[in-house]
């Protein structure tokens, strides 16, 4: 029996989680697997369901038997690693009589029917088992010979209550968040166009997709996940390209088959009807196809090549049917009518396209490394290996080229100006390469290189360590911790929002990997502990995802209500032109219609040396003049002062505060135009 504990309390809280309800108050089996070898009875079909309201067990069993024999059955139900129900029964007894199984005939057999469960037994099943999503429960059925007592068959099956947190609506909402981040990032970039050094909004599209990648890849490790976290991770599989597309997967199978791939137990039709058996004994259908999805990206180029060839042929036929000159004239007139506001876009079309493709490579580089290394290490068709190697080399070469180019420009600016600030201040350089470093401070422009190394190392660890959960978890923890230390040490982001968002995301990544270590089989922790850890991990990751969505919405509101900087600059220029036309005739520089900025300290200092009067020499000390001579040698010694008008410098004189050399005092701002 279950006891009330912290883990039970957490599971009760989880029972009210918004879920997709496929059935009410029902427990049913989901797939099955054999837990014995060389058994006399082979089960081909097993469907059992229990309805709590009617206490009815409905079953549908089919299989083959090597000989006719009477058997006894032992049913044990486990929930979160604990035995919660067990019962032994004889299909030939009056209480549990099943005609088709009494005795089991030689050859093929099948049995369908229903059984009423006594109240004393149905009360042993906890009510939480009917409400908690992704129930971690298994049913084990053993058949023993009635005469000899030896085991003749053993079957394990996953129990489900029809509720799961793997909801298509969650994937659509997450895709909407990513799309909103892309739109907001684009609007922010447009608003900052023409302003070198302006940082992009945060969280941006790259940050959101990177976080979704982390949640998806956390569910790809070779560890014993609780079913609830496995279902949660499936909601974000779309961010890694794992989407249900039947035609695509069949095209991939055809590509692999024609190039030497082994499709015996690894093809779409086979896996669609197979049951995945996990290391903890649990099983599920293959609707997720997480591991299968690793082959998805490998065949994309083949399908794209076919589509391109088909569209090319169709376009050729269309040109053959409509080869008149009218179409060309329409095209030319359309070019002439291209809107003036989009002229710059047309002129920079190829540059914009190149930057978009490069940005896409940068966002998906870590996932692509994971797929390509997995394909190269697992082995399949030779063409798939070549395609993986070529695409990985191309993507890596593109990023290395831009890194080399940026470092070259930084060295050039450092030699010419003493620093690398030209990467931010030069408009052309900023337009071409800022997507790599636009969020970083000027002194930390180089930080994009460690991030590329981080993505490459993480993808290699996850793919090359497939099947070794402890190695994957430990390696990923080291990589995530090193990146966290780097961010905490330098704090490289320009804005405080980017600083806290990226550091928080990295902290949650480290905590997530630590939680995944709990799922490693080598540690041997209880299943209840793993489930509670999975629930905590879901709560933390969901909370961070919600915060990112709120911040994206906030950025969108700010972009909508703030003034367009380009429109504001244009209005200021128009106002300045009007002010110039309305200058007063007295002093154009002192027009009341012009905005005056307060004088700066530098202006006051410079005003002392900015005179518009006659030349007066500068002296470190005040020169004294004799009545008959000038120490400045500007007046000849024979110059007579007799004809000069002299004034008495009395205490009552208006000019009593005269200077010794007769010059007026220099007032701050005298002669300076500001």
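Numbering (mature numbering (1 follows the signal peptide of the UniProt record, and there is no 0)), first residue to last: -23 to -1, 1 to 651.
All C-beta atoms, glycine included, are put in the ideal place defined by N, C-alpha and C.
- Taking all protein chains in view, the Cβ of residue 180 is crowded by 16 or more other Cβ atoms within 10 Å, so the residue is classified as buried.
- Residue 410 and residue 383 do touch by the CB rule: their CB atoms are close to 5 angstroms apart, below 8 angstroms.
- The criterion of a C-beta distance shorter than 8 angstroms is not satisfied by residue 400 and residue 421.
- The three-state secondary structure of residue 48, taken from DSSP, is strand.
- Unbroken alpha helix (DSSP H) runs of no fewer than 4 residues, entirely contained in the segment 379 to 442, are found at 399 to 402, 404 to 410 and 425 to 441, following chain order.
- In terms of Cβ geometry, residue 57 and residue 504 form a close pair [threshold 8 angstroms].
- In this structure, the alpha-carbon of residue 53 lies about 30 angstroms from that of residue 492.
- Counting along the chain, residue 209 sits inside the alpha helix (DSSP H) bounded by residues 204 to 211.
- Contact between residue 18 and residue 129 holds, since their C-beta atoms are separated by about 5 angstroms, short of 8 angstroms.
- Apart from the 5 residues on each side of it in sequence, residue 486 sits with its Cβ closer than 7 angstroms to the Cβ of 191 and 457 in its chain, given in chain order.
- Just measuring C-alpha positions, the residue of 426, 512 and 466 sitting nearest residue 206 is 512.
- With the rule of 3 Cβ pairs closer than 8 angstroms, the segment 206 to 220 does not count as touching the segment 448 to 463.
- The three-state reading of DSSP puts residue 537 in helix, counting H, G and I together.
- For residue 349, the enclosing alpha helix (DSSP H) begins and ends at 326 to 355.
- No residue range can be given for residue 94, since it is assigned to no beta strand (DSSP E) and is classified by DSSP as neither H nor E.
- Rounded to the nearest angstrom, the gap between the Cα atoms of residue 381 and residue 243 is 42 angstroms.
- The Cβ neighbour count for residue 135, taken over all protein chains shown within 10 Å, is at least 16; the residue is labelled buried.
- In this structure, residue 25 and residue 5 form a Cβ contact; the two beta carbons are roughly 7 angstroms apart against a cut-off of 8 angstroms.
- In this chain, the beta strand (DSSP E) harbouring residue 136 covers 128 to 137.
- For the pair residue 496 and residue 488, the Cα-to-Cα distance works out to about 13 angstroms.
- Within 10 angstroms of the beta-carbon of residue 145 lie fewer than 16 other beta-carbons, which makes it exposed.
- When DSSP reads this structure, residue 118 sits in a beta bridge with 52 and 132.
- Partner residues in the beta bridge of residue 22, as assigned by DSSP, are 39.
- Comparing alpha-carbon positions, the option among 442, 523, 436 and 138 lying closest to residue 349 turns out to be 436.
- Residue 412 is positioned such that its CB atom lies no closer than 8 angstroms to that of residue 324.
- Looking at the DSSP output, residue 88 bridges to 38.
- Straight through space, the alpha carbons of residue 132 and residue 35 are spaced by roughly 17 angstroms.
- In the three-state reduction of the DSSP assignment, residue 33 falls in the strand class, which pools E and B.
- From the listed residues 109, 77, 472 and 98, the smallest Cα separation to residue 176 is found for 472.
- DSSP places residue 11 in the strand class (E or B) of the three-state scheme.
- In summary, residue 149 is exposed, with fewer than 16 beta-carbon neighbours lying within 10 Å of its beta-carbon over all protein chains present.
- For the 8 angstroms CB-CB criterion, residue 138 and residue 507 do not form a contact.
- Contact between the segment 56 to 75 and the segment 102 to 122 is present: 3 or more CB-CB pairs across the two stretches fall below 8 angstroms.
- Taken through DSSP and simplified to helix, strand or coil, residue 448 comes out as helix.
- For the pair residue 358 and residue 237, the CB atoms are nearer than the 8 angstroms cut-off.
- The criterion of a C-beta distance shorter than 8 angstroms is not satisfied by residue 51 and residue 72.
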